[in-house]
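Worksheet for the structure shown next.
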Amino acid sequence: MPLPDQGKMDKLLIEGGSPLAGEITISGAKNAALPILCAALLCTEPVTFANVPQLKDVATLLALLMRMGVKVEHEGDIVTIDAGQLSDSVAPYEMVKTMRASILVLGPLTARYGEASVSLPGGCAIGARPVDQHIKGLQAMGANVDVEHGYIRASASRLKGARIVTDMVTVTGTENLMMAACLADGETIIENAACEPEVADLANCLTAMGAKISGAGSDVIRIEGVSRLHGARHRIMPDRIETGTYLCAAAVTGGQVRLTGTQASSLDAVIAKLIEAGCAVRCESDNIHLTAPRRLTAVSLRTAPYPAFPTDMQAQFMALDCVADGAATIRETIFENRFMHAIELQRLGADIHIDGNMAMVRGVERLQGATVMATDLRASASLVIAGLVAEGETMIERIYHLDRGYEHLDEKLAALGAKVQRVKP
Ligand code: UD1
Numbered sequence: 004m005p006l007p008d009q010g011k012m013d014k015l016l017i018e019g020g021s022p023l024a025g026e027i028t029i030s031g032a033k034n035a036a037l038p039i040l041c042a043a044l045l046c047t048e049p050v051t052f053a054n055v056p057q058l059k060d061v062a063t064l065l066a067l068l069m070r071m072g073v074k075v076e077h078e079g080d081i082v083t084i085d086a087g088q089l090s091d092s093v094a095p096y097e098m099v100k101t102m103r104a105s106i107l108v109l110g111p112l113t114a115r116y117g118e119a120s121v122s123l124p125g126g127c128a129i130g131a132r133p134v135d136q137h138i139k140g141l142q143a144m145g146a147n148v149d150v151e152h153g154y155i156r157a158s159a160s161r162l163k164g165a166r167i168v169t170d171m172v173t174v175t176g177t178e179n180l181m182m183a184a185c186l187a188d189g190e191t192i193i194e195n196a197a198c199e200p201e202v203a204d205l206a207n208c209l210t211a212m213g214a215k216i217s218g219a220g221s222d223v224i225r226i227e228g229v230s231r232l233h234g235a236r237h238r239i240m241p242d243r244i245e246t247g248t249y250l251c252a253a254a255v256t257g258g259q260v261r262l263t264g265t266q267a268s269s270l271d272a273v274i275a276k277l278i279e280a281g282c283a284v285r286c287e288s289d290n291i292h293l294t295a296p297r298r299l300t301a302v303s304l305r306t307a308p309y310p311a312f313p314t315d316m317q318a319q320f321m322a323l324d325c326v327a328d329g330a331a332t333i334r335e336t337i338f339e340n341r342f343m344h345a346i347e348l349q350r351l352g353a354d355i356h357i358d359g360n361m362a363m364v365r366g367v368e369r370l371q372g373a374t375v376m377a378t379d380l381r382a383s384a385s386l387v388i389a390g391l392v393a394e395g396e397t398m399i400e401r402i403y404h405l406d407r408g409y410e411h412l413d414e415k416l417a418a419l420g421a422k423v424q425r426v427k428p
């Protein structure tokens with residue numbers, strides 16, 4: 004991905020050492036909002052969404068939809084999308100390169116518009132990330148798909164229901180195919196489907212729009228195609244990764260926080276690891292209360308598809324292990340190159356040894372502030388967590404990554420008593 008001019012990018016200055024304390028509200032989930040906003044492409048009536056987070060990625064997706072002739076009304080966390088008149092079915096390279104999730108327009112456009120032309124996402128900082136399963140699934144539903152001049156071009160007069168078994172668990176792949184299948188002729192069965200809560204949230208939204216879906220949230224999803232979907236209202240689920248990130252930040256700083264508007268049941272594996280690290284965690288309806296111990300115990304973990312430990316929380320837990328008592332191993336099984344944050348954490352004094360997809364972390368008594376560079380969204384979050392506990396000042400460069408996925412990060416941290424400051428160019 005070409006990088007914006009560094010001199011013009013915001014930075015985050017953190018003075019470490021303050022235990023986080025207080026209460027904040029968790030925002031709507033980025034990874035639910037992106038597919039769910041694309042679902043509006045499937046129908047000709049307006050669809051209204053609540054709890055939409057104000058994020059760079061959401062803005063990018065809305066800009067992409069508007070480029071296709073979709074009408075968007077946006078007020079606070081409420082977004083109404085009217086895809087009654089589609090003028091275009093192209094997702095150009097310039098937009099897809101800034102956000103891979105743009106691939107989520109492929110299924111809905113092919114199903115509703117009969118054609119789509121979506122730039123092939125390239126590799127990214129965390130790995131190659133192919134989209135072959137999205138393509139194979141659409142082909143199984145009878146679409147003609149060609150990849151030419153860097154674009155996926157799909158067409159179909161009407162998709163047909165099919166049995167699809169994906170080679171690996173893919174979250175956006177499952178979502179793309181589930182959306183496409185809603186308007187297909189006959190029944191589609193997706194096996195080895197992603198069980199992530201965001202897939203279930205998308206299914207809830209599609210069901211409110213008139214789709215016939217069962218099994219979403221399990222690894223077999225059945226979709227009985229219908230001829231049309233209708234307008235609806237849907238509230239986006241809370242962001243489990245944002246929740247986990249603030250819990251880690253509170254844990255590392257020896258703090259005590261209450262997170263409201265969240266859904267503890269969507270992050271059982273993360274909460275279990277925080278308890279193993281020595282935190283006291285209390286979950287009540289839609290809030291989570293965490294009290295950190297005087298010093299955390301290092302926790303080993305292995306990332307895997309839901310309901311196991313999420314790859315999107317791996318970097319934050321590496322930061323936690325960096326200052327915990329003892330040693331831990333972290334095994335990354337989803338993305339092949341997702342340890343970029345380790346090198347930056349080492350610049351803060353962390354003791355990390357990488358061997359292939361395994362990281363060995365030995366906790367140190369203290370980290371020291373330094374200038375570090377964010378390489379991707381969750382890597383940036385790990386640097387923030389490390390900066391909050393490091394001695395002295397940490398300056399994080401390239402925080403546009405954080406703005407892609409964390410709503411009002413600096414304000415929320417400040418509300419919890421962190422000494423953070425966004426430094427404008
Ligand atoms: C989604 C999330 C991302 C999270 C990831 C894994 C969104 C918008 N993003 O990304 O935050 O880190 O799930 O939980 O929801 N793969 C293939 N071929 C495919 C599709 C995937 O080989 O056609 C591979 C990928 O390279 C990766 C693995 O499958 O190694 C899982 O990727 P996938 O679940 O598709 O990730 P995303 O949906 O892109």
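Numbering (my numbering), first residue to last: 4 to 428. Note that beta-carbon positions come from the ideal geometry of N, C-alpha and C, so glycine has one too.
CB of residue i within 8 angstroms of CB of residue j, strictly
i: Gln319; j: Leu293; result: no
i: Ala393; j: Leu416; result: no
i: Ala421; j: Leu391; result: yes
i: Pro56; j: Asp324; result: no
i: Glu199; j: Tyr96; result: no
i: Val174; j: Glu194; result: no
i: Ala327; j: Gly366; result: yes
i: Gln142; j: Val148; result: yes
i: Ile81; j: Ala53; result: yes
i: Leu270; j: Ala42; result: no
i: Gly110; j: Met182; result: yes
i: Glu414; j: Met376; result: no
i: Leu37; j: Ala104; result: yes
Rounded straight-line distance, which links the Cα of residue j to that of residue i
i: Leu405; j: Val387; result: 10 angstroms
i: Met343; j: Ala322; result: 12 angstroms
i: Gly153; j: Lys59; result: 25 angstroms
i: Ala1; j: Gly264; result: Outside the shown range of the chain, which is 4 to 428, sits residue 1, and nothing can be said about it.
i: Val273; j: Gly281; result: 13 angstroms
i: Leu16; j: Leu64; result: 29 angstroms
i: Asn290; j: Leu205; result: 22 angstroms
i: Lys14; j: Thr397; result: 10 angstroms
i: Glu76; j: Val61; result: 13 angstroms
i: Asn179; j: Leu107; result: 6 angstroms
i: Gly140; j: Arg297; result: 50 angstroms
i: Thr248; j: Met12; result: 23 angstroms
i: Pro7; j: Thr378; result: Low confidence applies here, because Pro7 scores a pLDDT of 49, under 50, leaving its location unreliable and the question unanswered by this model.
i: Ile27; j: Cys251; result: 14 angstroms
i: Val423; j: Glu18; result: 7 angstroms
i: His137; j: Ala307; result: 20 angstroms
i: Ser383; j: Ala389; result: 10 angstroms
i: Ala146; j: Ala157; result: 6 angstroms
Same chain, Cβ closer than 6 angstroms to residue i, five either side skipped, listed in chain order
i: Gly87; result: Thr47
i: Leu89; result: Met71, Gly72 and Tyr116
i: Glu190; result: Gly164 and Glu227
i: Leu40; result: Leu64
Own chain residues within Cβ distance below 7 angstroms of residue i, not counting five before or after
i: Arg305; result: Phe312, Arg334 and Thr336
i: Ser92; result: Met71, Leu112, Tyr116, Glu118, Ala119 and Ser120
i: Ala345; result: Met321, Ile355, Ile357 and Ala362
i: Ala267; result: Ile274, Cys286 and Ile291
i: Ser30; result: Pro56, Asp242, Glu245 and Glu410
i: Gly450; result: Here the chain covers residues 4 to 428 and nothing more, so residue 450 does not appear.
Cβ shell of residue i (< 8 angstroms), same chain only, five flanking positions each side left out
i: Val229; result: Cys185, Leu186, Gly213, Ala214 and Lys215
i: Ala254; result: Leu277, Ala280, Cys282, Leu293, Ala295, Leu299 and Leu323
Buried versus exposed call for residue i [16 or more other C-beta atoms within 10 Å across all chains shown]
i: Pro133; result: exposed
i: Ala197; result: buried
i: Arg285; result: exposed
i: Ser160; result: exposed
i: Asn207; result: buried
i: Arg407; result: buried
i: Val302; result: buried
i: Gly372; result: buried
i: Gly79; result: exposed
i: Lys427; result: exposed
i: Met102; result: buried
i: Met171; result: exposed
i: Glu368; result: exposed
Distance cut-off 7 angstroms: residue i Cβ against heavy atoms of ligand 3
i: Ile337; result: This structure simply doesn't include ligand 3; it includes ligand 1 instead.
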